[in-house]
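Numbering-wise (the numbering used here), the sequence shown opens with residue 778 and increments by one.
Ideal placement from N, C-alpha and C gives every residue a C-beta, glycine not left out.
Keep in mind the model is a prediction, meaning the values are calculated, not measured.
To keep things clear, I will list the structure first and then write my remarks on it.
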Amino acid sequence: MGDKSMTKQAKLDAIKQQIIDDNITPELAAHATQLVFGEGSVDSDIVFIGEAPGKKEDLKGVPFIGAAGKFLNEMLESIGLSRQDVYITNIVKYRPPNNRDPLPDEKTAFLPYLESQLEVIQPKLVVTLGRHSLNCFLPDLQIGQVHGQPQEFKGRMYLPLFHPAAALYNGGMRQTLLDDFALIPSIIKKIKLS
Ligand code: URA
Numbered sequence: 778m779g780d781k782s783m784t785k786q787a788k789l790d791a792i793k794q795q796i797i798d799d800n801i802t803p804e805l806a807a808h809a810t811q812l813v814f815g816e817g818s819v820d821s822d823i824v825f826i827g828e829a830p831g832k833k834e835d836l837k838g839v840p841f842i843g844a845a846g847k848f849l850n851e852m853l854e855s856i857g858l859s860r861q862d863v864y865i866t867n868i869v870k871y872r873p874p875n876n877r878d879p880l881p882d883e884k885t886a887f888l889p890y891l892e893s894q895l896e897v898i899q900p901k902l903v904v905t906l907g908r909h910s911l912n913c914f915l916p917d918l919q920i921g922q923v924h925g926q927p928q929e930f931k932g933r934m935y936l937p938l939f940h941p942a943a944a945l946y947n948g949g950m951r952q953t954l955l956d957d958f959a960l961i962p963s964i965i966k967k968i969k970l971s
């Protein structure tokens, strides 16, 4: 890793292998079908970060392909993007048993690898999906107060959004997420101009 001649994809593949070699969260790994590393364009301006894979994601090895993922796809379409245009990943890369919340230790264990992923991709904007993802990077912020408001921290721009799963059975939340999502193109434009 760190070799300048390596392509971005090769560097990401090496990070994925490192997670396995370092035996990160062995209990989660033992129960999971596979590691769900990430999907999309390695040259994207935008990286979306969720919480952890669910059942479908665990079976297929691809993030956000269940019900929440379907809504994420819809929101991407609403701003003229598809999954292939962006990069999608999670903090925790193995499915927690019965989809329980990831434990603090599990999130901490995966954070250095997530940071390495971001260093390779170098996105202009990191969109955090849900409070777990937000609080990994910005622990003092409350999603209910800062959603839809870009946050700059240590030279990186974040956009905190609610988790798409929260919107599945809540029409108000659905609209809030769509409204927050609609801000993404102008935020990216502003970052590119600055
Ligand atoms: N929820 C997440 O946070 N991530 C996924 O990949 C799927 C559902």
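Task: Check whether residue 863 and residue 823 have beta carbons under 7 Å apart - done: yes
Task: Extent of the continuous beta strand (DSSP E) run through residue 930 - done: It spans 928-930 - the beta strand (DSSP E) in which residue 930 sits, taken as one unbroken run.
TODO: Please look up how many angstroms separate the CB atoms of residue 876 and residue 831, rounded, as I've assumed it's under 8 Å.
DONE: 5 Å
- [ ] Please check the pair residue 793 and residue 805, which I expect to be a contact at CB under 8 Å, by giving their CB distance rounded to whole angstroms.
- [x] Contact flag wrong, Cβ pair sits at about 15 Å.
Open item on the list: Among 788, 941, 936, 849, whose alpha-carbon lies nearest the alpha-carbon of residue 820?
Closed with: 788
Task: Between the CA atoms of residue 867 and residue 814 - distance to the nearest angstrom - done: 8 Å
Task: Nearest residue (CA-CA) to residue 843, options 899, 915, 827, 857 - done: 827
- [ ] May I ask you to report which of helix, strand or coil DSSP gives residue 816?
- [x] In the displayed model, residue 816 falls within a strand according to three-state DSSP.
- [ ] Have a look at residue 931 and residue 839 and give me their C-alpha separation to the nearest angstrom.
- [x] 29 Å
- [ ] Classify residue 966 as buried or exposed, calling it buried when 16 or more other Cβ atoms lie within 10 Å of its own Cβ.
- [x] exposed
Open item on the list: the ligand URA and residue 892: does any heavy atom of the ligand fall closer than 6 Å to the residue's C-beta?
Closed with: no
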